[in-house]
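Here's the structure, in structure tokens; my notes come after.
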């Protein structure tokens, strides 16, 4: 589905945008203009298109109110999503949004910590996305176990900060960086099995990052 602007997204998915507006009033989306948040989420879709990804089993780490996952789900109807969120309040709000948009057949929430998801949902996904989930080492350690071989991790990234993702550290987790399509987003491909000792216990990836 070709959606290239926030106006097109709003026209084609008014219920989704309305629910995201409601989420922002409830404080589960930051105070920045919602159009900026939506534009940023649409950037993920553009990067995925550049990577040749348009379908598959997908997971979003810490989606909050559903960004970027619900916007990608709108632009890529052949994707199926699991939203991994540890906050019950956010999951309750996500469940309402998913129901009102009519996507209960292909979008669901998984309540719990990402480290636990890396064990319970290991190797189930073709794509993992993250937006403001945590530092690079933590994000990679939690995401890599979720991916199948050949799967892709896409995260938002400050421009010019590729050194935050060292190749040696990524390879430890079975990941290899992709050429950067857009300076605001970074991606990697799962090229080998993630060792069974990753992810470590809840909280350890943040407290003791592997790089």
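In this note's numbering, the protein residues as written are 117 to 327. Even for Gly, the Cβ is constructed at its ideal location relative to N, Cα and C. Quick caveat, the model's predicted, so the values are computed rather than measured.
Using a Cβ-Cβ cut-off of 7 Å (strictly less than) and excluding sequence neighbours within five positions of residue 169, which residues of its own chain qualify?
243, 268
For residue 153, count neighbouring Cβ atoms within 10 angstroms of its own Cβ and tell me buried if that reaches 16, exposed if not.
With 16 or more other Cβ atoms within 10 Å, it is buried.
Measuring alpha carbon to alpha carbon, tell me which of 194, 207, 234, 209 ends up nearest residue 221.
194
Could you give the distance in angstroms between the alpha-carbon of residue 138 and the alpha-carbon of residue 258?
29 Å
Runs of alpha helix (DSSP H) wholly within the segment 211–276 (minimum 4 residues, chain order)
With a minimum length of 4 residues, the continuous alpha helix (DSSP H) runs that stay inside the segment 211–276 are 230–236, 252–259.
Could you check where the alpha helix (DSSP H) with residue 177 kicks off and where it finishes?
First-last for residue 177: 171–177, but that is the beta strand (DSSP E), not the alpha helix (DSSP H).
Span of the alpha helix (DSSP H) holding residue 126?
122–128
Alpha-carbon spacing of residue 304 relative to residue 166, whole angstroms
Note on geometry: alpha-carbon atoms of residue 304 and residue 166 lie some 13 Å from one another.
Cutting at 6 Å between CB atoms, please list the residues of its own chain near residue 299, excluding the five before and the five after it.
Once the five neighbours on either side are set aside, the close Cβ partners of residue 299 are 275.
I need the DSSP call for residue 195, collapsed to helix, strand or coil.
strand
Does the segment 308–315 come within contact of the segment 221–241, defined as at least 3 CB pairs closer than 8 Å?
yes
What would DSSP say about residue 309, mapped onto helix, strand or coil?
coil
Ignore the nearest five residues each way along the sequence and tell me which others in residue 131's own chain have a CB closer than 8 Å to its CB.
216, 217, 218
Alpha carbon to alpha carbon, how far is residue 204 from residue 227?
CA-CA distance, residue 204 to residue 227, rounds to 7 Å.
Any heavy atom of the ligand ADP closer than 6 Å to the beta-carbon of residue 209?
Absence of the ligand ADP is noted for the structure shown, with no ligands found whatsoever.
By how many angstroms is the C-alpha of residue 261 removed from the C-alpha of residue 291?
10 Å
Smallest Cα separation from residue 252: which of 127, 197, 286?
286
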